[in-house]
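>
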Amino acid sequence: AMANPSNSDVYTQQYAQFVETFSQIGIPDYLPHAFFIAGGSLAVENAIKVAMDWKVQKNFEKGYKVEKGFKVLHFEKAFHGRSGYTLSLTNTLPDKTKWFAKFDWPRVSIPEVKFPLSGANLDKAISTETLSLAQVKQAFNDFKDDICAIIIEPIQSEGGDNHLREEFLIQLREIADENDAFLIYDEVQTGVGLTGKFWCHQHFSEKARPDIVAFGKKMQVCGILVGDKVNQIETNVFKVPSRINSTWGGNLVDMVRSTQILQILEEDKLCDNATKIGSYLKENLQSFAQKFDKMSNVRGRGLLCSFDFPTAEMRNAFITKGLENNVMFLGCGKQTIRFRPALCIEQKHIDEGLTVMEKILPLL
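Residue numbers (the working numbering): 24 to 387.
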């Protein structure tokens with residue numbers, strides 16, 4: 024590009040084309056407001072700022088004379104970024120947050136959802152959901168009118184590909200509404216087709232819809248989509264100029280690239296491909312788990328698949344042996360292997376990876 028215009032000040036044809044394409048393909052009607060910025064952490068941070076601004080003004084309406092409503096309720100094993108407010112939320116590897124100043128915001132346990140989700144696994148999921156929800160409710164009682172948002176990944180990614188049941192998310196939705204708080208879904212990793220739908224939360228019913236979605240990664244452009252709840256406050260961040268902003272407002276070259284990617288995603292039906300090829304991948308992983316007892320907890324939505332090893336050491340050895348055979352496997356959590364294929368991947372590519380897996384699994 025010959026120039027890098029400030030999208031916050033100059034509306035170009037390329038910018039307009041990106042917004043139009045995104046609106047047609049990826050913006051749900053229940054999330055009508057959009058804000059663009061460079062970086063997933065900054066996307067999440069501005070989601071938090073939307074919620075803070077709204078909550079403080081809500082409290083003024085209730086009669087508060089001082090600013091209140093800055094806390095963000097979040098979950099154990101969460102990853103939401105490495106800068107600003109997000110440092111107070113991320114709690115995966117300590118090296119990513121230690122020795123940096125952080126806020127003491129309420130952190131609650133994440134439900135333990137293991138697969139196959141039946142019998143004892145289902146009982147465990149329900150019991151840990153009950154515990155988590157009790158902690159959420161207690162936090163709202165302990166910090167009355169001081170929590171502006173609940174933030175969660177629809178599938179916790181770096182924390183271990185931890186899945187969540189719709190029933191749990193519906194209850195978070197209800198608690199957020201009861202306490203005048205936003206429900207924020209961090210879809211920086213789960214969004215844009217990987218799970219077989221454009222947004223992971225679209226696998227769930229309307230009762231689990233978020234107030235804000237943060238996005239990035241596959242979108243090329245980062246940012247947030249925000250629902251009508253924000254309009255309960257007349258002077259919200261979308262009505263007051265420069266309340267949230269940045270010099271560039273995202274990068275125009277990224278927007279041009281994203282426009283092309285979104286069009287290809289739609290024309291080539293890549294969400295459908297993620298569903299089809301993801302099912303093939305998961306079925307084969309399940310077959311491997313029956314053959315190799317070292318593998319367990321096979322799970323996935325679309326191409327976002329994963330499984331566990333008994334120990335971190337075995338997981339790391341698997342990654343090393345994969346590299347020795349020219350296949351990159353990605354770890355997450357304590358002992359998980361996660362798959363993040365390109366949306367255009369074909370069955371033959373999956374087969375190549377499975378062949379290597381079948382070779383190295385007996386060596387562990």
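Note that the Cβ used here is the ideal one computed from N, Cα and C, for glycine as well.
Please classify phenylalanine 126: is it buried, with 16 or more other beta-carbons within 10 angstroms of its beta-carbon, or exposed?
For this step, residue 126 is matched to residue 103 along the sequence shown. The residue in question, phenylalanine 126, is exposed, as its Cβ has fewer than 16 Cβ neighbours within 10 Å.
> List the DSSP bridge partners of alanine 57.
Here the question's residue 57 lines up with position 34 in the sequence shown. Answer is Leu248.
> So valine 95 is in the beta strand (DSSP E); what residue range does that whole segment cover?
Looking up residue 95 in the sequence shown gives position 72. 94-98 is the extent of the beta strand (DSSP E) around valine 95.
> Starting from valine 42, trace the alpha helix (DSSP H) both ways and give me its first and last residue.
On the sequence shown, position 19 is the one that residue 42 refers to. First-last of the alpha helix (DSSP H) with valine 42: 36-48.
> Hey, would you say alanine 66 sits closer than 7 angstroms to alanine 237, going by beta carbons?
Translated into the one-based positions of the sequence shown, residue 66 becomes position 43. Translated into the one-based positions of the sequence shown, residue 237 becomes position 214. For alanine 66 and alanine 237, yes; Cβs fall inside 7 angstroms.
> Comparing alpha-carbon positions, which option in Ser180, Asp52 and Tyr38 lies nearest arginine 361?
For this step, residue 361 is matched to residue 338 along the sequence shown. Among Ser180, Asp52 and Tyr38, the Cα nearest to that of arginine 361 is on Ser180.
> Since I believe isoleucine 173 is in contact with valine 73 (beta carbons under 8 angstroms), could you give me their beta-carbon distance rounded to a whole number of angstroms?
Start at 1 with the first residue of the sequence shown, and residue 73 comes out as number 50. Start at 1 with the first residue of the sequence shown, and residue 173 comes out as number 150. Going by Cβ atoms, the distance from valine 73 to isoleucine 173 rounds to 14 angstroms, so no, they are not a contact pair.
> Looking only at its chain, what residues have a beta carbon closer than 7 angstroms to the beta carbon of glutamine 158, apart from the 5 residues adjacent to it on each side?
Position 135 of the sequence shown, counted from the first residue, corresponds to residue 158. For glutamine 158, where only same-chain residues beyond five positions count, the Cβ hits under 7 angstroms are Val131 and Ser132.
> Hey, could you find the ends of the beta strand (DSSP E) aspartate 209 is sitting in?
For this step, residue 209 is matched to residue 186 along the sequence shown. From DSSP, the beta strand (DSSP E) with aspartate 209 extends over 205-209.
> Inspect the CB distances between the region 217-228 and the region 253-263 and report whether three or more fall short of 8 angstroms.
No, the region 217-228 is not in contact with the region 253-263.
> How is serine 29 classed by DSSP in three states: helix, strand or coil?
The residue labelled residue 29 in the question sits at position 6 within the sequence shown. Three-state DSSP puts serine 29 in coil, outside helix and strand.
> Is the beta carbon of threonine 113 less than 7 angstroms from the beta carbon of phenylalanine 102?
Here residue 113 corresponds to residue number 90 of the sequence shown, with the count starting at 1. Here residue 102 corresponds to residue number 79 of the sequence shown, with the count starting at 1. Yes, the pair counts as a contact, with Cβ atoms nearer than the cut-off.
> Enumerated in chain order, which unbroken segments of the beta strand (DSSP E) with a length of 3 residues or greater are wholly contained in the region 330-358?
Here the runs fully enclosed are 353-355.
> Can you find the residues in the same chain that come closer than 7 angstroms, C-beta to C-beta, to lysine 230, ignoring five residues on each side of it along the sequence?
Within the sequence shown, numbered from 1, the residue matching residue 230 stands at position 207. Closer than 7 angstroms at Cβ, skipping near neighbours: Ile193 and Arg196.
> So, helix, strand or coil for arginine 324, using DSSP?
Within the sequence shown, residue 324 is the residue found at index 301, counting from 1. Three-state DSSP puts arginine 324 in a strand.
> Three-state secondary structure (DSSP) at glutamine 179?
Residue numbering aside, residue 179 sits at position 156 when the sequence shown is read from its first letter. In the structure shown, glutamine 179 sits in a strand (DSSP, three-state: E or B).
> Suppose you measure from the CA of leucine 145 to the CA of threonine 151; what does that come to, to the nearest Å?
Taking the first residue of the sequence shown as 1, we reach residue 145 at position 122. Taking the first residue of the sequence shown as 1, we reach residue 151 at position 128. Using only the alpha carbons, I get a separation of about 10 angstroms.
> Quick check on arginine 394: does DSSP put it in helix, strand or coil?
In the structure as shown, the chain starts at 24 and stops at 387, and residue 394 therefore has no counterpart that could be examined.
> Taking 7 angstroms as the CB-CB cut-off, is arginine 280 touching chain D?
In the structure shown, chain D does not exist; there is a single protein chain.
> When DSSP builds the beta bridges, which residues end up paired with serine 319?
As a working note, residue 319 is residue 296 in the sequence shown. According to DSSP, which records beta bridges pairwise, serine 319 is partnered with Asp331.
> Run through DSSP, which three-state label would arginine 361 get?
Position 338 of the sequence shown, counted from the start, is the residue given in the question as residue 361. Here arginine 361 sits in strand by DSSP.
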